[in-house]
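Undergrad: Start counting at 1 in the sequence shown, then tack on 61, and there's your number in the numbering used here. Quick one: the structure is below, and I'll ask about it shortly.
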Amino acid sequence: MNFDLSTVAAVVSIAGAFLGILWGLLRYIGMQQERRINEKFADLASTIAKMGEDLKSEAESTRQLEISFLRFQAELPRDYVRRDDFVHALGTINTRIDNFALRVERAIDNRNGNMQ
62 MNFDLSTVAA
72 VVSIAGAFLG
82 ILWGLLRYIG
92 MQQERRINEK
102 FADLASTIAK
112 MGEDLKSEAE
122 STRQLEISFL
132 RFQAELPRDY
142 VRRDDFVHAL
152 GTINTRIDNF
162 ALRVERAIDN
172 RNGNMQ
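Right, here's the structure in full:
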């Protein structure tokens, strides 16, 4: 089998063209993929930035809740003591009223007993 120079040149030209087209196609596909990756990273960056802002607002809300809870903890013993003092004072008043009622009953009984 004899190959002359024109046949070899044609085969090399066809192979070169095929390789050139293949290289161009791969380059185009690579650029498309790079563009998609860049879009995904941009979306990811915006999502991360949004999450950072959400975390800051959540941290502020948590801080406000903690301050409110600390105020509640500070006020709770004071209010509990007030209630306890109120219950104690009310019990004392009830005891005094009962004692007064007994004295009045005894005084009435003594008066009725002396009159007969």
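Note that beta-carbon positions come from the ideal geometry of N, C-alpha and C, so glycine has one too.
Out of curiosity, what's the CA-to-CA distance linking residue 154 and residue 170?
TA: If I take the Cα positions, the gap works out to 24 Å.
Undergrad: Roughly how many angstroms separate the alpha carbons of residue 118 and residue 103, rounded to a whole number?
TA: Answer to the nearest angstrom: the Cα atoms are 23 Å apart.
Undergrad: With DSSP run on the structure shown, which of helix, strand or coil describes residue 159?
TA: Helix.
Undergrad: Pick helix, strand or coil for residue 64, following the three-state DSSP scheme.
TA: The answer is coil: DSSP assigns residue 64 none of H, G, I, E or B.
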